[in-house]
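Note that the sequence shown covers residues 46 to 283 in my numbering.
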Amino acid sequence: MRLGTVERIWRYPIKSTGGERLESADLDERGLLGDRLYAVRDAEGRFGSGKNTRRFRRMPGLLRLRSRYRQAECLGEPELLDPDGVPVADATAYLRRYLRRQDVEVACEGSVSHFDQLPLSVLSTATLDWMRTALAGTAVDERRFRPNLLIRTPPGTPAFVEDQWLGSTVRIGGTVCVTFVRSSERCVMVNESQQGLPHSPLVLKTIAKAHDMRLDALGTVTAPGTIGVGDPVAVIRP
46 MRLGTVERIW RYPIKSTGGE RLESADLDER GLLGDRLYAV RDAEGRFGSG
96 KNTRRFRRMP GLLRLRSRYR QAECLGEPEL LDPDGVPVAD ATAYLRRYLR
146 RQDVEVACEG SVSHFDQLPL SVLSTATLDW MRTALAGTAV DERRFRPNLL
196 IRTPPGTPAF VEDQWLGSTV RIGGTVCVTF VRSSERCVMV NESQQGLPHS
246 PLVLKTIAKA HDMRLDALGT VTAPGTIGVG DPVAVIRP
């Protein structure tokens, strides 16, 4: 059963910053190659995020920055871009000034995962279009929800169709297989401002009221390979 096609691919080299849009990407058991491989880490070992937990520390303003790799192969530390889209010379030095914290640094993933939950987040255009309608007057695009893949679903597909994907395995393109496990539990990060998207508390409130704080399908990569925009997405094991 065909679910749709890959509409957009997103990678976020430095966790909790805006990411980079790709035409193709390699995937392995960790997810998209280089995705959230780096994070802003404080002296306690907690990672910059939109929330405070045992692993994460809220650091407002990170989403106004973006990150990208200089090479498609993800060699070396990614480049950090300021709110105007200008690359900074030294990411850690810039972040210490920007966040007004001297205990932060850009750090590569070690023994503690940078992922909030699972490696791959997938969102449908059906759900995104519903959110745009429900939030008429509020700027909404998929960047608020930070998926790795936006899937173009057929006309008439219901919102929150991702729930129907949970427990199934899909093939993306020719070789990549993904098993969907559960959906993301959303936090205030969806409200945060970023380029072209002003702060709005209505985003999280809408998700909470309509779908119990959940939005997208989270999965694990069960067969590695390369995917590209336009690739078909089809269920191979319900």
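Where a beta carbon is used, it is the ideal one built from N, C-alpha and C, also for glycine.
Check for me: the alpha helix (DSSP H) holding residue i runs from which residue to which?
i, result
"Thr178", "Thr170 to Ala179"
"Asp208", "Glu207 to Trp210"
Since residue i and residue j are thought to touch, with beta carbons under 8 Å apart, how far apart are those beta carbons, to the nearest angstrom?
i, j, result
"Leu242", "Arg189", "6 Å"
"Ser213", "Gln162", "With a Cβ gap of about 18 Å, Ser213 and Gln162 do not count as contacting."
"Arg100", "Gly93", "At roughly 11 Å, the Cβ-Cβ gap does not stay under 8 Å, so Arg100 and Gly93 are not in contact."
"Val266", "Val223", "6 Å"
"Val133", "Gly264", "That belief does not hold up - the Cβ atoms of Val133 and Gly264 are roughly 33 Å apart, past 8 Å."
"Arg231", "Leu249", "6 Å"
"Ser61", "Leu107", "4 Å"
Between which two residues does the beta strand (DSSP E) containing residue i stretch?
i, result
"Ile59", "Segment: none, Ile59 is in no beta strand (DSSP E) and carries neither H nor E."
"Ala88", "Looking at the DSSP string, Ala88 is not in any beta strand (DSSP E), and its letter there is neither H nor E."
"Leu67", "Glu65 to Leu67"
"Thr265", "Ala262 to Ala268"
"Phe92", "Phe92 to Ser94"
"Arg282", "Pro277 to Arg282"
Look up residue i in the DSSP assignment and give the residues it is bridged to.
i, result
"Pro243", "Paired residues: none, contrary to the question."
"Ala184", "Answer is none; Ala184 lacks a bridge partner."
"Arg53", "Leu195"
"Ala70", "Ile272"
"Leu77", "Leu72"
Is DSSP giving residue i helix, strand or coil here?
i, result
"Val221", "strand"
"Arg286", "Beyond the ends of the chain as shown, which are 46 and 283, falls residue 286; an answer cannot be given."
"Val215", "strand"
"Arg189", "helix"
"Leu249", "helix"
"Ala204", "coil"
Which runs of the alpha helix (DSSP H), 4 residues or longer, sit entirely within the region 97-175? Counting only runs that start and end inside the region 97-175, the alpha helix (DSSP H) elements of at least 4 residues fall at 136-144.
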